[in-house]
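Taken in order, the sequence shown gives residues 15 to 154; the numbers are from our numbering. Think of the CB as a built atom: it goes at the ideal place given N, C-alpha and C, for glycine as much as any other residue. What follows is a single structure, written as structure tokens, with notes after it.
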Amino acid sequence: MGTTVLIVEDEILVALQLEGILLDAGHSVVGIVPDHASLHHTSNPPQVALVDLNLRDGPTGPAIARRLSEMFGTKIVYVTANPQQIGEPAPTAVAIVEKPFSQPAILAAIACATGGLSQEQLPAEVEPLYCHSSREKLAR
Numbered sequence: 015m016g017t018t019v020l021i022v023e024d025e026i027l028v029a030l031q032l033e034g035i036l037l038d039a040g041h042s043v044v045g046i047v048p049d050h051a052s053l054h055h056t057s058n059p060p061q062v063a064l065v066d067l068n069l070r071d072g073p074t075g076p077a078i079a080r081r082l083s084e085m086f087g088t089k090i091v092y093v094t095a096n097p098q099q100i101g102e103p104a105p106t107a108v109a110i111v112e113k114p115f116s117q118p119a120i121l122a123a124i125a126c127a128t129g130g131l132s133q134e135q136l137p138a139e140v141e142p143l144y145c146h147s148s149r150e151k152l153a154r
């Protein structure tokens with residue numbers, strides 16, 4: 015069975031593209047969250063969240079990532095065109111995928127978040143933040 019993933023993205027076409035990539039790979043999408051208020055409609059805690067930073071209600075992605083991390087231990091993959099806006103990453107953040115993204119980059123980030131891929135195996139377009147099995151900051 016695949017990983018349960020929450021998509022935090024306000025641009026519907028981007029969210030649907032991510033959903034298609036995930037579903038085709040056998041993962042489950044537990045929801046699409048376009049803003050902070052919509053997070054309350056998420057009933058199942060996701061294993062991984064793909065988080066954009068700038069959402070419908072402003073730059074609330076980092077706060078959503080921290081909340082998911084603290085409440086559920088959700089692994090966070092930032093998917094953004096503005097990685098410099100992350101600030102302090104969520105405690106369970108594992109990677110950054112810059113937009114525009116590719117299918118291999120998204121799937122590699124999910125595999126890294128779930129321990130199925132080491133940081134050494136990540137493609138160049140995925141910037142590791144923390145190893146799944148270690149809290150040490152990775153240098154790339």
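Contact set for G33: own chain, Cβ-Cβ below 8 Å, skip 5 residues either direction:
Numbered from its first residue, the sequence shown carries residue 33 at position 19. Checking the sequence shown, residue 33 turns out to be Glu, not Gly. Same-chain partners within the cutoff: I21, V43 and I46.
Count the other CB atoms within 10 Å of the CB of A153; is the residue buried (16 or more) or exposed (fewer)?
For this step, residue 153 is matched to residue 139 along the sequence shown. The predicted model places A153 with a pLDDT of 36, which falls under 50 and marks its position as unreliable, so this point remains unresolved.
Note down, in chain order, each residue of its chain lying with its Cβ closer than 6 Å to the Cβ of A39, except the 5 sequence neighbours on either side.
If you number the sequence shown from 1, residue 39 lands on position 25. Cβ within range, chain order: L121.
For S132, the first and last residue of its enclosing beta strand (DSSP E):
Position 118 of the sequence shown, counted from the start, is the residue given in the question as residue 132. Premise fails: S132 is in no beta strand (DSSP E) and is neither H nor E.
For the putative contact between T94 and L67, defined by C-beta atoms under 8 Å, what is the C-beta separation to the nearest angstrom?
What you label residue 94 is simply residue 80 of the sequence shown in a count that begins at 1. What you label residue 67 is simply residue 53 of the sequence shown in a count that begins at 1. Contact flag correct, Cβ pair sits at about 5 Å.
Within 8 Å, strictly: CB atoms of T106 and T88:
Here residue 106 corresponds to residue number 92 of the sequence shown, with the count starting at 1. Here residue 88 corresponds to residue number 74 of the sequence shown, with the count starting at 1. Yes. Within cutoff.
Please list the terminal residues of the continuous beta strand (DSSP E) segment that includes L82.
Within the sequence shown, numbered from 1, the residue matching residue 82 stands at position 68. First-last for L82: G75 to F86, but that is the alpha helix (DSSP H), not the beta strand (DSSP E).
Going by DSSP, what residue range makes up the beta strand (DSSP E) through A109?
Start at 1 with the first residue of the sequence shown, and residue 109 comes out as number 95. First-last of the beta strand (DSSP E) with A109: A107 to E112.
Considering just the uninterrupted stretch of the beta strand (DSSP E) at E5, what are its terminal residues?
Any answer about residue 5 is impossible in this case: the structure gives the chain only from 15 up to 154.
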